[in-house]
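Structure first, then comments.
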């Protein structure tokens, strides 16, 4: 594993130089002209700041682990909250779980229930209503003349009411 | 001799499964291997023929349209009331054809069916009947995509439903009969709606008069070419109002009727697609049907809904489709997100995939809603791509089930240890479904959404959420099945047999091929867009964009809007008043063709310039300013 790491490390040391404020190989290649685009705004402050922060980090690491002038465990005593926050990656995973994953799961469960009971229920109800109507109609067609006569009579009355009734409204 | 030009190749393709069905019926019913081999060989015939067609289609850049026609049924109607009419009849034609839209779907059908024939190895009873219905199903599906007559289309469509009913009901899993009944009733309702729409179409747009010398024929025909021609032709009977004719025109299709038909077609085909909330039947089919049939169902049969919606709904009624683009987009978005969210919470792998199908069909609707070439290409690409991917995934689920006897996610796990090949395939299929670049799913989603971003950027933005959710539910299920601790009872399970591995490898190969070289498919779509679809959209849906031979001033279009004709508010490009007055002075409406820039702007802004305005302009009854 050491040799690939050495190779990768060597490449990564050089890789950053494809695009620097004084040398725009990458952007030139990307925009196809071969010439670097004019830098948008001055990034000097950002550059200095980020290099400064990086250097500070390296210096702190050196104090902690190489020179050992800062006692190991000092952070845990003095700033336990900060240490924990950093250890948990600024709680981003937890935040993500609360903001995104849980609501989506809840929504998914709700929709699944909706699909099963409301949509599926409507379909099932339509089916059973049709069956029920068929059963009712089957019961009416029992071969007894009286039943048919009654049905015909009811139908006549409905028709008469409908026709006569239209004159009044 | 050139087979393609000399032989009725489409009819051979359509007839080959039926011939195979006869062969299967003549074989002894106990010889499973013979029956299986016969079915596989039969399904290879349409596959080879469709590949030949494809190579020819691409070589000829789409100009070689294949069409075969024959009169099938002629019903003479009562002509006594009509004077001087030689014949008055209703024709059902045997008309088949392919173009750039149907060719990819024909190939998909042939491919998925052939692979499903391989995968039918797990059928355990009544092999003879199974393969007979199976081949009849293939004939029906090919008929749907090849048909150029609305009745042939409908008959083929019904044939698939009947074959599916028996295939689910006899060879399915535990609740098979219930699922088959629900399938039959739900799809029967859809078909009834379609039949109503088709009959109205034939009675209006299908009517035309043919006159050769003294012979005057009044004809109702369901030929798609006739329907499309009459719908776009402003002088056709279907487009002449009674007032314009100076008498009663029973064949005129009013605006309301157009809308009614459009909605009927949308619902009828929407049940098949399925569009939310018409999807419940499809979940049952996906969980209860035997694996090789689910491959076909999810891979091809759902696509028939989208194909029908495109060919009959959107191409014949582009104005309505365009006006309802937002509705289509919202429906698509609902399908996409609803399916994905529920798939995320399912505990059964089959149900995950069933809801995933709903979700992916949403993307097809989004492509339709984009209403531009990219979007439509994306929609069809997504159809083909999802057909391949879902066939692969359901094949895998079926093969896993044979070994584990369950598809419940909590009971599965660690299968990668005992079945590395199938687990790898599942991962690859899952990655294709979630749209990993390099696999076909990505192209379909990309093109559809790209198209939609042009017309409805906000909805397209929302649709991106669906893509993320897809990744979530696909990876969740793949992880649960293949990784984690393995139940000891699965330790002895064998990996895929050769007969199972062949379709998996072929399907994945095509998925990768389309993902890396999408123009294989987009080219054919493009040819047909140019020659077939674009003119229809152009003349009907206000596409001044590319109307050849129909040159108008942008100012004239604006003029229409001002004159309060049927044209909707449209673009007001700064047109030269000089030209306008010159045209008015000459009394000539048709003056010049639009500049490219102007056309582009016009196409973007014009909501809808109805056929009536173009009709008026062609006939010279231009409103005076």
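Residue numbers (the numbering used here), protein chains in the order written: chain F, 14 to 182; chain P, -3 to 621.
Note that the Cβ used here is the ideal one computed from N, Cα and C, for glycine as well.
Check	Outcome
Cβ pair residue 130 of chain P, residue 35 of chain P closer than 8 Å	yes
Distance CB(residue 187 of chain P)-CB(residue 157 of chain P) smaller than 8 Å	yes
The region 384 to 402 of chain P / the region 114 to 127 of chain P touching (three or more Cβ pairs under 8 Å)	yes
Where residue 147 of chain F meets chain P, residues with beta-carbon distance less than 8 Å	Within chain P, no residue comes near residue 147 of chain F; the closest Cβ sits about 13 Å away, beyond 8 Å.
Euclidean distance between Cα positions of residue 616 of chain P and residue 514 of chain P	Caution is warranted here: a pLDDT of 37 is assigned to residue 616 of chain P, below 50, making its placement in the model unreliable, and the coordinate value is therefore given only provisionally. If I take the Cα positions, the gap works out to 45 Å.
Residue 23 of chain P to residue 289 of chain P span [Cα, whole Å]	22 Å
Chain-ordered chain F contacts of residue 518 of chain P [CB-CB under 9 Å]	Here the premise fails: no neighbours, minimum Cβ distance about 25 Å.
Run of the beta strand (DSSP E) containing residue 72 of chain P, from where it starts to where it stops	62 to 72
Contact set between residue 340 of chain P and chain F, taken where Cβ atoms lie within less than 8 Å	117, 118, 121
Cβ contact (3+ pairs, closer than 8 Å) linking the region 404 to 414 of chain P and the region 358 to 367 of chain P	no
DSSP state of residue 201 of chain P mapped onto helix, strand, coil	coil
Which of helix, strand or coil DSSP assigns to residue 169 of chain P	coil
Reduced DSSP secondary structure (H/G/I, E/B, other) of residue 28 of chain F	helix
Integer Cβ distance of residue 325 of chain P from residue 448 of chain P, believed to fall under 8 Å	7 Å
Contact the region 166 to 174 of chain P vs the region 89 to 97 of chain P: 3+ CB pairs below 8 Å	no
Neighbouring residues, chain P, relative to residue 136 of chain F (Cβ below 7 Å)	276
Chain P within 8 Å of residue 168 of chain F, Cβ atoms only	no
is_contact[residue 337 of chain P, chain F] using C-beta, thresh 8 Å	yes
Contacts of residue 128 of chain F in chain P (Cβ-Cβ under 7 Å)	338
Buried versus exposed call for residue 251 of chain P [16 or more other C-beta atoms within 10 Å across all chains shown]	exposed
Helix, strand or coil at residue 556 of chain P [DSSP, three-state]	Reliability fails at residue 556 of chain P, whose pLDDT of 36 lies under 50, so the model's placement of it is uncertain and the value that follows must be treated cautiously. If DSSP states are grouped into helix, strand and coil, residue 556 of chain P belongs with the helices.
Chain F contacts from the region 312 to 339 of chain P (Cβ-Cβ distance under 7 Å)	334, 337, 338
For residue 184 of chain F, three-class secondary structure by DSSP	Nothing can be reported for residue 184 of chain F, as the shown portion of chain F is limited to 14 through 182.
C-beta neighbour in chain P for residue 132 of chain F, strict 8 Å	yes
7 Å Cβ shell around residue 12 of chain P - same chain, five flanking residues per side excluded	38, 41, 42
Members of the region 255 to 288 of chain P that neighbour chain F once the beta carbon cut-off is set at 7 Å	273, 276
Beta-carbon neighbours of residue 124 of chain F, restricted to chain C and to distances below 7 Å	The structure shown contains no chain C; its protein chains are F and P.
Range covered by the beta strand (DSSP E) that runs through residue 90 of chain P	83 to 94
Proximity test, residue 155 of chain F beta-carbon vs the ligand FMN heavy atom, cut-off 7 Å	No copy of the ligand FMN appears in this structure; indeed no ligand is present at all.
Residues of its chain near residue 209 of chain P, where Cβ-Cβ distance is below 7 Å and the 5 sequence neighbours each way are ignored	none
Residues sharing a beta bridge with residue 309 of chain P, DSSP	DSSP lists no partner for residue 309 of chain P.
The beta strand (DSSP E) enclosing residue 479 of chain P, as first and last residue numbers	Element bounds for residue 479 of chain P: n/a, residue is neither H nor E.
Length-filtered (4 minimum) alpha helix (DSSP H) runs lying within the region 171 to 243 of chain P	172 to 200, 220 to 228, 238 to 241
Straight-line Cα distance separating residue 314 of chain P from residue 620 of chain P	Unreliable placement is indicated for residue 620 of chain P, whose pLDDT of 31 sits below 50; the coordinate value is still reported in the next sentence. The straight-line gap from Cα to Cα measures roughly 28 Å.
Pairwise C-alpha distance: residue 423 of chain P and residue 481 of chain P	17 Å
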